[in-house]
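Number of protein chains: 4
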Amino acid sequence: MVSEHGKAGRPRSEQARAAILHAVDDLLVDVGYGAVTLKGIAERAGVSRQTIYRWWSTKAEILLEASAIDARQELDIAPQDGPVAEITAYLDALRTFLTNSDAGAAYRALLGEAQHDSAVRELLLSSDPIGDSAATVLSRALPDDVLALPRSRAVSSLVGPTFFWVLSGRDPAAMNTHDLALEFIRTAAPSHASD
Amino acid sequence: MVSEHGKAGRPRSEQARAAILHAVDDLLVDVGYGAVTLKGIAERAGVSRQTIYRWWSTKAEILLEASAIDARQELDIAPQDGPVAEITAYLDALRTFLTNSDAGAAYRALLGEAQHDSAVRELLLSSDPIGDSAATVLSRALPDDVLALPRSRAVSSLVGPTFFWVLSGRDPAAMNTHDLALEFIRTAAPSHASD
Amino acid sequence: MVSEHGKAGRPRSEQARAAILHAVDDLLVDVGYGAVTLKGIAERAGVSRQTIYRWWSTKAEILLEASAIDARQELDIAPQDGPVAEITAYLDALRTFLTNSDAGAAYRALLGEAQHDSAVRELLLSSDPIGDSAATVLSRALPDDVLALPRSRAVSSLVGPTFFWVLSGRDPAAMNTHDLALEFIRTAAPSHASD
Amino acid sequence: MVSEHGKAGRPRSEQARAAILHAVDDLLVDVGYGAVTLKGIAERAGVSRQTIYRWWSTKAEILLEASAIDARQELDIAPQDGPVAEITAYLDALRTFLTNSDAGAAYRALLGEAQHDSAVRELLLSSDPIGDSAATVLSRALPDDVLALPRSRAVSSLVGPTFFWVLSGRDPAAMNTHDLALEFIRTAAPSHASD
DNA sequence: CAATAACCGAGACGGTACGTCACGTCTTAGC
DNA sequence: GCTAAGACGTGACGTACCGTCTCGGTTATTG
Numbered sequence: 001m002v003s004e005h006g007k008a009g010r011p012r013s014e015q016a017r018a019a020i021l022h023a024v025d026d027l028l029v030d031v032g033y034g035a036v037t038l039k040g041i042a043e044r045a046g047v048s049r050q051t052i053y054r055w056w057s058t059k060a061e062i063l064l065e066a067s068a069i070d071a072r073q074e075l076d077i078a079p080q081d082g083p084v085a086e087i088t089a090y091l092d093a094l095r096t097f098l099t100n101s102d103a104g105a106a107y108r109a110l111l112g113e114a115q116h117d118s119a120v121r122e123l124l125l126s127s128d129p130i131g132d133s134a135a136t137v138l139s140r141a142l143p144d145d146v147l148a149l150p151r152s153r154a155v156s157s158l159v160g161p162t163f164f165w166v167l168s169g170r171d172p173a174a175m176n177t178h179d180l181a182l183e184f185i186r187t188a189a190p191s192h193a194s195d
Numbered sequence: 001m002v003s004e005h006g007k008a009g010r011p012r013s014e015q016a017r018a019a020i021l022h023a024v025d026d027l028l029v030d031v032g033y034g035a036v037t038l039k040g041i042a043e044r045a046g047v048s049r050q051t052i053y054r055w056w057s058t059k060a061e062i063l064l065e066a067s068a069i070d071a072r073q074e075l076d077i078a079p080q081d082g083p084v085a086e087i088t089a090y091l092d093a094l095r096t097f098l099t100n101s102d103a104g105a106a107y108r109a110l111l112g113e114a115q116h117d118s119a120v121r122e123l124l125l126s127s128d129p130i131g132d133s134a135a136t137v138l139s140r141a142l143p144d145d146v147l148a149l150p151r152s153r154a155v156s157s158l159v160g161p162t163f164f165w166v167l168s169g170r171d172p173a174a175m176n177t178h179d180l181a182l183e184f185i186r187t188a189a190p191s192h193a194s195d
Numbered sequence: 001m002v003s004e005h006g007k008a009g010r011p012r013s014e015q016a017r018a019a020i021l022h023a024v025d026d027l028l029v030d031v032g033y034g035a036v037t038l039k040g041i042a043e044r045a046g047v048s049r050q051t052i053y054r055w056w057s058t059k060a061e062i063l064l065e066a067s068a069i070d071a072r073q074e075l076d077i078a079p080q081d082g083p084v085a086e087i088t089a090y091l092d093a094l095r096t097f098l099t100n101s102d103a104g105a106a107y108r109a110l111l112g113e114a115q116h117d118s119a120v121r122e123l124l125l126s127s128d129p130i131g132d133s134a135a136t137v138l139s140r141a142l143p144d145d146v147l148a149l150p151r152s153r154a155v156s157s158l159v160g161p162t163f164f165w166v167l168s169g170r171d172p173a174a175m176n177t178h179d180l181a182l183e184f185i186r187t188a189a190p191s192h193a194s195d
Numbered sequence: 001m002v003s004e005h006g007k008a009g010r011p012r013s014e015q016a017r018a019a020i021l022h023a024v025d026d027l028l029v030d031v032g033y034g035a036v037t038l039k040g041i042a043e044r045a046g047v048s049r050q051t052i053y054r055w056w057s058t059k060a061e062i063l064l065e066a067s068a069i070d071a072r073q074e075l076d077i078a079p080q081d082g083p084v085a086e087i088t089a090y091l092d093a094l095r096t097f098l099t100n101s102d103a104g105a106a107y108r109a110l111l112g113e114a115q116h117d118s119a120v121r122e123l124l125l126s127s128d129p130i131g132d133s134a135a136t137v138l139s140r141a142l143p144d145d146v147l148a149l150p151r152s153r154a155v156s157s158l159v160g161p162t163f164f165w166v167l168s169g170r171d172p173a174a175m176n177t178h179d180l181a182l183e184f185i186r187t188a189a190p191s192h193a194s195d
């Protein structure tokens, strides 16, 4: 019988890997980011600390790997009927992601680390689930010829207000995503503003 | 003779307080937020650790007290000639604050903590240098009768794009604050958009 | 009230110190030298690991401090009537020390370490309970004018045979200390050999 | 064809065995006993750790096998002309072995282990290069009829002083082997003392 | 000449102790 | 009653080896 990994030596335990990623998720929810500890992850996962160090070098890396897929899924909304509905649905998803999702909690924690750790900054920027998802939605809702500003700036204008609202600690329930969507379209595609 | 603070015993040392706040600032610049440590502050300030614990309960509190005044100053811009200039100047100040200022580094660090520590969240929201300064500039540049959306949402639309741009790790130099200002005015005060 | 140590700060806990030294002794007897662990000492003593590191830098240092006083006591025999009795009594004490005493077990363990750790070598040589006690007994039993060889070599001739016998793993019960004493005197003080 | 080891399957690799023993010797000299590690041996020998565990159960066993033959050779001196020369030559060899020889370093390390590990004690006693070599020299230098004490005690008297001198950390250069030999003969064979 | 059996290297696994660091608390002496 | 000094217990850090356990491959002997 031939194993798939092709290299000599005992192959990496997929079970251990899954247990670790799962444990990180659980702990983040249970005890909060500050109290997530490599020791704690190891114990919760039933895995030795050394096994974690073998495959990840920082807490942030594990967290990112544990949440990246979920993050993309949660921000990947189904196509809607018309730009306003599209944008509104996306802003709803973004708000939910940032406030009520485990993956979102991980994202916010990583974003915090990124502010004083350039390694995490790179890591996060290379993943960038918000930027990517916003760009996707945007290209679907507003074609190039109606967009009055560069895509990258349009992304910031789309997600920025919600991003600031939530991260600065304002009440997410007080946001009106439909109005926000209208305002965004007024900025980014004035010709569509009357739709 | 009667002391001013009214209580018996040795009064609080103003010298120690200043030394601590100064040490926090220095350390933040020198070693970065991650390595700012209560032990380190105490040593740099020539103060005992107990003295710090007597007056502050968390690292975040000290950091906030050490940076709040600077933050307000740096975001308090001189009045400009016309809304566009006003908004542009403010966005410049905001970008500089978030990227090149010690107080801004402290703010970003605290914002990171706030994502997983509700006590810091409250603390930061009660200070809110960005929200306050944006509101001030806004009321100066765009009177109520030309503002097409609620003030609180206007604040988010004003600072949100820049906020997201910087905190998500994008290159600050690639921002065009003048265009950003124009876009904001198009959103918030369509009647002024032709100015 | 004035404390004795004269320095500022919390004074060293004599209770912790005693508990540590006691725990080392206990552990050495219970689990053997190889299994004596700093972690184990700390737990047995009800003391934090850090407290141990604060005052000692190696396991050997603790062990030496814990056993040095006992070692000297056990090798300090009461004066006897005549050289032969004196030497015999000393060799008995030495054998008991090396085979049946906790302090002796510590000494043998340290001697082992000293064979491949020069720091321990120095430490042990500076304490040297066997050399010192042998010299004392020797000067009491055989005055200078009857001693046919240098004191330092006499010490080696006195303790060497027993030392080798025990450390090389030979059966201590098969030693005849009285005959050993006679042989030593024949070597060191031929003029007394007929006593 | 019939293999020598009699069993089916691939025979033990003599090359691996030699590489391991050689690596142990090298490491002992290079990094000192304390830092000799099974992992290190395996890497230095270019051998897997499992291969070592297959054939030896402890570090001590490998060390003994690696040094036993050398030890015997170094302590097996050429016959000399007369008892004094014989004994002196042997003590010289013994001193050199214990202080300047790789095999001697291994022996001292094992002796240290033997003090707190009875398995090593047995192992070492069953090899006993010092006891054996001393007995050989002794029987050559002093026939039974001139020996005033049992052979086993004579062995201790012969090697004990040197053994203690070296292992207790005293300066080997300060030993006078010729005088030591004379003293030994005075003890063990008084009738020859005038030779 | 295949099948079998025991070896070999590589390397991941769960453990355990290491020595260090910062934490928050405490107990002194001094002002 | 505040201060500096500094020891205390606690607990996570990242590292090093331990002994065990798969893996893919490699020899020899045996049927």
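Protein chains in written order, with full-length UniProt numbering: chain Z, 1 to 195; chain S, 1 to 195; chain V, 1 to 195; chain F, 1 to 195. Backbone N, C-alpha and C define an ideal beta-carbon position, used for all residues, glycine too. Since this is a predicted model, take the numbers as computed values, not measurements.
Within chain S, the residues that Ala23(Z) reaches when beta carbons sit closer than 8 Å: One-based indexing of the first sequence puts residue 23(Z) at position 23. Those do not exist, as Ala23(Z) stays about 17 Å from chain S at its closest Cβ, beyond 8 Å.
Contacts around Thr177(Z), its chain only, beta-carbon distance under 7 Å, and the 5 residues preceding and following it disregarded: Residue 177(Z) sits at position 177 when you count from the first residue of the first sequence. So the list reads Thr88, Leu91, Asp92 and Arg95, once near-sequence residues are dropped.
Any C-beta of chain Z under 8 Å from that of Leu124(S): For this step, residue 124(S) is matched to residue 124 along the second sequence. Yes, Leu124(S) lies at the interface with chain Z (some Cβ there is under 8 Å from its Cβ).
First through last residue of the alpha helix (DSSP H) which encompasses Arg153(V): For the purposes of this step, residue 153(V) is taken as residue 153 along the third sequence, with counting starting at 1. Taken as a continuous stretch (DSSP letters only), the alpha helix (DSSP H) holding Arg153(V) covers Arg151 to Leu167.
CB contact below 8 Å: Phe163(V) versus chain F: The residue you call residue 163(V) lines up with position 163 of the third sequence. At a cut-off of 8 Å between C-beta atoms, Phe163(V) counts as an interface residue with respect to chain F.
Residue from Asp145(S), Ala103(S), Ala109(S) and Ala42(S) whose Cα sits closest to the Cα of Arg72(S): The sequence position of residue 72(S) within the second sequence is 72, counting from 1. The residue with the shortest Cα to Cα distance from Arg72(S) is Ala103(S).
Buried or exposed by the 16-neighbour rule on C-beta atoms within 10 Å, applied to Glu86(F): Taking the first residue of the fourth sequence as position 1, residue 86(F) is located at position 86. The residue is buried, with at least 16 neighbouring Cβ atoms inside 10 Å.
Residue burial classification, Glu183(Z) (beta-carbon count within 10 angstroms, cutoff 16): Taking the first sequence and counting its residues from 1, the one referred to as residue 183(Z) is at position 183. Within a 10 Å sphere around the beta-carbon of Glu183(Z) sit 16 or more other beta-carbons, which makes this residue buried.
Limits of the unbroken alpha helix (DSSP H) element including Ile77(S): Within the second sequence, numbered from 1, the residue matching residue 77(S) stands at position 77. According to the DSSP assignment, Ile77(S) belongs to no alpha helix (DSSP H), since it is labelled neither H nor E.
DSSP three-state assignment for Pro190(F), whether helix, strand or coil: Here residue 190(F) refers to the residue found at position 190 of the fourth sequence. It is helical.
Local conformation of Ala148(S) per DSSP, three classes: Here residue 148(S) refers to the residue found at position 148 when the second sequence is read from its first residue. Three-state result, Ala148(S): coil.
Interface residues of the UniProt domain "HTH tetR-type" (14 to 74) of chain V facing chain F [CB-CB below 7 Å]: Contacts with chain F (Cβ-Cβ distance below 7 Å) from the UniProt domain "HTH tetR-type" (14 to 74) of chain V involve Gly32, Tyr33 and Gly34, listed in chain order.
Collapsed DSSP secondary structure at residue 273(F) in the structure displayed: Residue numbering for chain F in the displayed model covers 1 to 195; residue 273(F) lies beyond these limits and cannot be assessed.
Contact set for Ile62(Z): own chain, Cβ-Cβ below 6 Å, skip 5 residues either direction: Residue numbering aside, residue 62(Z) sits at position 62 when the first sequence is read from its first letter. The beta carbon of Ile62(Z) sits closer than 6 Å to the beta carbons of Val24 and Trp56 from its chain, once the five residues preceding and following it are set aside; these are given in chain order.
Beta carbon proximity, Val159(F) to chain V, threshold 8 Å: The residue labelled residue 159(F) in the question sits at position 159 within the fourth sequence. Taking 8 Å as the CB threshold, Val159(F) lines the interface with chain V.
Distance CB(Leu110(V))-CB(Leu111(F)) smaller than 8 Å: As a working mapping, residue 110(V) is identified with position 110 in the third sequence. As a working mapping, residue 111(F) is identified with position 111 in the fourth sequence. Taking a C-beta distance under 8 Å as the contact criterion, Leu110(V) and Leu111(F) do not qualify as a contact pair.
Length of the line joining the Cα atoms of Thr162(F) and Thr187(F): Indexing the fourth sequence from 1 puts residue 162(F) at position 162. Indexing the fourth sequence from 1 puts residue 187(F) at position 187. Near 15 Å, if we compare the C-alpha coordinates of Thr187(F) and Thr162(F).
Under 8 Å between C-beta atoms of Ile185(S) and Pro83(S): On the second sequence, residue 185(S) is found 185 positions in, with the first residue counted as 1. On the second sequence, residue 83(S) is found 83 positions in, with the first residue counted as 1. Contact: yes.
Other residues of its chain near Ala135(Z): CB distance less than 8 Å, five sequence neighbours each side excluded: Residue mapping note: residue 135(Z) aligns to position 135 of the first sequence, counting from 1. The residues are Arg151 and Val155.
Contact with chain V by Ser156(F), beta-carbon distance below 8 Å: Start at 1 with the first residue of the fourth sequence, and residue 156(F) comes out as number 156. At least one chain V Cβ lies under 8 Å of Ser156(F).
Chain-order list of residues whose beta-carbon lies under 8 Å from that of Ala35(Z) (same chain, five-residue window excluded): As a working note, residue 35(Z) is residue 35 in the first sequence. Answer for Ala35(Z): Leu27, listed in chain order.
Spatially closest choice to Gln15(V) from Ser133(V), Ile52(V) and Gln80(V), by CA coordinates: The residue given as residue 15(V) occupies position 15 in the third sequence. Cα-wise, what sits closest to Gln15(V) is Ile52(V).
Ala119(F) to Gln80(F) span [Cα, whole Å]: The residue given as residue 119(F) occupies position 119 in the fourth sequence. The residue given as residue 80(F) occupies position 80 in the fourth sequence. Just so you know, the alpha carbons of Ala119(F) and Gln80(F) end up roughly 37 Å apart.
Within-8 Å CB hit, Ser168(Z) to chain S: Here residue 168(Z) is taken as the residue at index 168 of the first sequence, counted from 1. Yes, its Cβ sits closer than 8 Å to a Cβ of chain S.
Reference Gly169(V); option with closest CA among Asp76(F), His192(F), Gln115(F) and Val137(F): Residue mapping note: residue 169(V) aligns to position 169 of the third sequence, counting from 1. Taking only the C-alpha atoms, the option nearest Gly169(V) is Gln115(F).
As assigned by DSSP and simplified to three states, the class of Met1(S): Residue 1(S) sits at position 1 when you count from the first residue of the second sequence. Its pLDDT being 41, under 50, Met1(S) is placed unreliably by the model, and the measurement read from it follows with that caveat. Met1(S) falls in the coil class under three-state DSSP.
Short Cβ contact (8 Å threshold) for Phe164(F) with Phe164(V): If you number the fourth sequence from 1, residue 164(F) lands on position 164. If you number the third sequence from 1, residue 164(V) lands on position 164. Contact flag set, yes.
Extent of the continuous alpha helix (DSSP H) run through Lys39(Z): Along the first sequence, read from residue 1 onward, the residue named residue 39(Z) stands at position 39. Leu38 to Ala45 is the extent of the alpha helix (DSSP H) around Lys39(Z).
Own chain residues within Cβ distance below 7 Å of Asp76(Z), not counting five before or after: The residue labelled residue 76(Z) in the question sits at position 76 within the first sequence. In chain order, Ser133 place their CB closer than 7 Å to the CB of Asp76(Z), counting only its own chain and leaving out the 5 sequence neighbours on each side.
Neighbour list for Leu138(Z) in chain S, Cβ cutoff strictly below 8 Å: As a working note, residue 138(Z) is residue 138 in the first sequence. Those within 8 Å of Leu138(Z) in chain S number zero; the least Cβ separation is about 14 Å.
Neighbour flag for Glu113(V) against chain F, beta carbons, 8 Å: The residue labelled residue 113(V) in the question sits at position 113 within the third sequence. Output row for Glu113(V): interface = yes.
Among Ala106(S), Leu149(S), Tyr107(S) and Lys39(S), nearest to Ser191(S) - alpha-carbon criterion: The residue given as residue 191(S) occupies position 191 in the second sequence. From the listed residues Ala106(S), Leu149(S), Tyr107(S) and Lys39(S), the smallest Cα separation to Ser191(S) is found for Leu149(S).
Whole-Å CB distance - Glu122(Z) paired with Ala60(Z), under 8 Å assumed: Residue numbering aside, residue 122(Z) sits at position 122 when the first sequence is read from its first letter. Residue numbering aside, residue 60(Z) sits at position 60 when the first sequence is read from its first letter. Separation of the CB atoms of Glu122(Z) and Ala60(Z) is rounded to 10 Å, and the pair is thereby denied contact status at 8 Å.
Residues that Ala103(Z) contacts on chain S, provided the C-beta gap is smaller than 7 Å: Locating residue 103(Z) in the first sequence gives position 103, where the first residue counts as 1. Residues of chain S passing the Cβ test: none, with the nearest at roughly 14 Å.
Min CB distance Pro11(Z) to chain S below 8 Å: Here the question's residue 11(Z) lines up with position 11 in the first sequence. By this cut-off, Pro11(Z) is not an interface position.
8 Å Cβ cutoff met for Ala106(V) and Ala66(V): Here the question's residue 106(V) lines up with position 106 in the third sequence. Here the question's residue 66(V) lines up with position 66 in the third sequence. Yes, the Cβ-Cβ distance between Ala106(V) and Ala66(V) is below 8 Å.
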